[in-house]
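Residue numbers are given in my numbering: position 49 of the sequence shown equals residue 49, and the series is strictly consecutive. All C-beta atoms, glycine included, are put in the ideal place defined by N, C-alpha and C. Just so we're clear, the structure is a prediction, and the values are computed from it rather than from any experiment. See structure below.
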Amino acid sequence: MSNADVALMAHLMRRAGFGASRDELEQKVAQGYEAVVEDLLQPGSANAMPDDVIRRYHSEMGEMRELNSAGAYWMYRMVTTDNQLEEKLALFWHGLFATGYAKLNQASALTNQINTFRRNALGSFRTILVELSKDPAMIIWLDNHDNHKDDINENYGRELLELFSMGIGNYTEDDVKECARAFTGWTLGNAEYMSTRASRDSIWPYSRINWHFNYREYDHDDGEKTFLGRTGNFNGDDIIDIIVQQEATARFISTRLFQYFAADEVDESGEAVIEEMVQSYFASDYEIRSVLRTLFNSDYFKSEDARFARVKGPVELVVGAVRMAGTYQQPTFGADQLARQTMYMGQGIFQPPSVEGWHEGAEWIDSGALVERVNFVGQELGDPSHPGVKSIIDRLAQHGNGLLSPEEQVAGCADLIGPLELSEATSLSINQFASQQGDADLREGTRSEADDQRIANLLRLLTATREYQLA
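Rendered as structure tokens:
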């Protein structure tokens, strides 16, 4: 098994998921790159921590009303799922279709929205936009419940075009108004409950209840509309049909997916890949799975130049570190701290700063966020009692005769948590630290807690490097 194959598979799993241990990488390399891509794109059972187990220990996650419990619930899913791409895409859609707790005051609606993203993550972009337009959290977030045939509210119609599908410059103000008219009547119904006699609506339509979508034909403007050069008595479904057929839409979603999975900045080579993704978008009837298949199998994505070309977002940094450390695999007291940590780093789950979502890339890094990132990951991977850390040390013990020089410790640790390609300056600093710690004796019978801690200290230091902060 070549180092190049392992490095390529590690790259794929960092981007299409949250990373993988060396044992997992070796299994996937044996399976073959294209076969692994197909497994990611055709997810089976998630095998994530079951709801009944979670709620046995976290009663607050039953109704999912509060922000912290909902955030921790999703973190459990990301940490334990077998379907990493499914969760990575749910996170992508959450950033693109940013919806926040501050206005809703209803975490359950947000959890339901993430379930919708997860369910449709790899399917038709048309279906995704239709489901988004019917999503109660989005209806409240962008005021479509206040969009009436005699008094339109343009908020959702504008953001649908500007932020969710086409981008500025590809539509007119008249298109925004006509879009808003088409979505009149797309609103909330009161949560229904069953009684012994009948099912009827709640008297608290906007309280902390399980909202559902309701179409009110009497409040829909069924007059003639002209949208993006087409004329008809359009409803919301018709508007989305027109949107997904646009070249601007194909390029918009392909570019956003490229920036999320491939590189923060799009160069000339990246533009060529985006063009291929656009072609896959139309050839597959707008299927996200096909667009991503084109990206992941492209020479650009697999090239060494594409590696470590993205700054890890706070959620992927935290989830990746926890998965590698092997922690939080069972219900754990203080699990809500995982979601809090991402907030301290600038990406609070269900707490986007605006309808634009988060500004990503290098903007994830500032002096305050960097301290939080380094401290959290160092705590996870600097503890030799954590199962994943112990596994890394066990793997190192297999090197040579188990007696490792400082240089061998650095090379082995960088390889097992990456593989990371350390710059000359980084390598010099880490090796100086390792030299101060001395040799590590990991041989059976002589291995001590001090030796394990010596390796854990190196892991802690490596996670503070620039190289580790990139994906």
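Looking from the CA of K177, the closest CA among E159, S165 and R466 belongs to E159.
Take Q453, set aside five residues on each side of it, and the residues of its chain with a beta-carbon closer than 7 Å to its own are P384, in chain order.
Taking C-alpha positions only, I349 is separated from L403 by approximately 44 Å.
Cβ atoms of K149 and D219 come within 8 Å of each other, at about 6 Å. Put simply, of A46, Y73 and V318 the residue whose alpha carbon is nearest the alpha carbon of N83 is A46.
Taking 8 Å as the cut-off, the Cβ atoms of R55 and M61 count as close. CA-CA distance, E372 to A263, rounds to 24 Å. Rounded to whole angstroms, the gap between the alpha carbons of Q469 and L317 is 8 Å.
Taking 8 Å as the cut-off, the beta carbon of S298 is found closer than this to the beta carbon of E276. Less than 8 Å separates the beta-carbon of R230 from that of I242. Per the coordinates, the alpha-carbon of E154 lies some 35 Å from the alpha-carbon of G270.
When secondary structure is reduced to three states using DSSP, H386 falls in the coil class, being assigned neither helix nor strand. Taking K103 as the centre and dropping the five residues before and after it, the same chain places the C-beta of I140 and W141 closer than 8 Å to its C-beta, in chain order.
One Cα belongs to V410, the other to D441, and the distance between them is close to 14 Å.
Counting the other CB atoms within 10 Å of its CB gives S254 a total of 16 or more, which places it among the buried residues. Secondary structure at D267: coil, using DSSP grouped into helix, strand and coil. With fewer than 16 other Cβ atoms inside 10 Å of its own Cβ, I168 counts as exposed. In its chain, beyond the 5 residues on either side, D285, Y286 and E287 have a beta carbon closer than 7 Å to the beta carbon of S124. Residue environment for L420: buried (at least 16 other C-beta atoms within 10 angstroms of its C-beta). F213 and G326 have their C-alpha atoms some 40 Å from each other. Residue pairing by DSSP puts H212 in a beta bridge opposite G189.
Shown here, H148 sits in a strand according to DSSP, grouped into three states. Counted as a single uninterrupted DSSP element, the stretch harbouring G123 is not any alpha helix (DSSP H), since DSSP gives it neither H nor E. Per DSSP, T255 is one residue of the alpha helix (DSSP H) stretching across E247 to F261. Partner residues in a beta bridge of K88, as assigned by DSSP, do not exist. Shown here, A309 sits in coil according to DSSP, grouped into three states, outside any helix or strand. By the Cβ-count criterion, Y57 is exposed, with fewer than 16 other Cβ atoms from all chains shown falling within 10 Å of its own Cβ.
Between S405 and D366, the gap from beta carbon to beta carbon reaches 8 Å or more.
A residue is called buried once 16 or more other Cβ atoms fall within 10 Å of its Cβ, and S2, having fewer, is exposed. Going by beta carbons, V37 and R293 fall inside the 8 Å limit. G368 and G445 have their C-alpha atoms spaced approximately 44 Å apart. Annotated three-state conformation of A98 is coil, per DSSP.
Within the DSSP bridge table, the entry for A440 names L404 as partners.
Selection I430, N210 and W93 evaluated against N120 yields W93 as nearest (Cα-Cα).
With contacts defined as CB atoms closer than 8 Å, Q113 and T127 fail to qualify as a contacting pair. Looking only at S448, A321, G185 and A90, the smallest Cα-Cα distance to V79 is reached by A321.
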